[in-house]
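Asker:
Right under this line is the structure:
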């Protein structure tokens, strides 16, 4: 998966599930441009406040 496709997927499918997320960071192989067809998305969501973890 290319970084542009991963960004689109995160914006379209994942961020709507967590609307309070302040930042989404894509890392790993996709961010480095080394992804293979079977690579997953390494994603970190940052929140301003979390009630419980």
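In our numbering, the protein residues as written are 195 to 247.
Cβ atoms here follow ideal geometry from the backbone N, Cα and C, with glycine treated the same way.
Counting beta carbon pairs with one atom in the region 223-231 and one in the region 208-215, are three or more of them shorter than 8 Å?
Answerer: No, they do not touch.
Asker: Rounded to whole angstroms, what's the CA-CA distance from residue 231 to residue 217? Just pull it up for me.
Answerer: Residue 231 sits at position 37 when you count from the first residue of the chain shown. Residue 217 sits at position 23 when you count from the first residue of the chain shown. The straight-line gap from Cα to Cα measures roughly 26 Å.
Asker: With 16 as the cutoff for other CB atoms within 10 Å, does residue 199 come out buried or exposed?
Answerer: Reading the chain shown from its first residue, position 5 is the one you call residue 199. Per the 10 Å Cβ criterion, exposed.
Asker: On the DSSP letters alone, give me the boundaries of the alpha helix (DSSP H) that residue 314 sits inside.
Answerer: Because the chain here runs from 195 to 247, residue 314 falls outside it and cannot be looked at.
Asker: I'd like to check one pair, residue 238 with residue 204: are the Cβ atoms closer than 8 Å?
Answerer: The residue labelled residue 204 in the question sits at position 10 within the chain shown. The residue labelled residue 238 in the question sits at position 44 within the chain shown. Result no, Cβ atoms of residue 204 and residue 238 do not sit closer than 8 Å.
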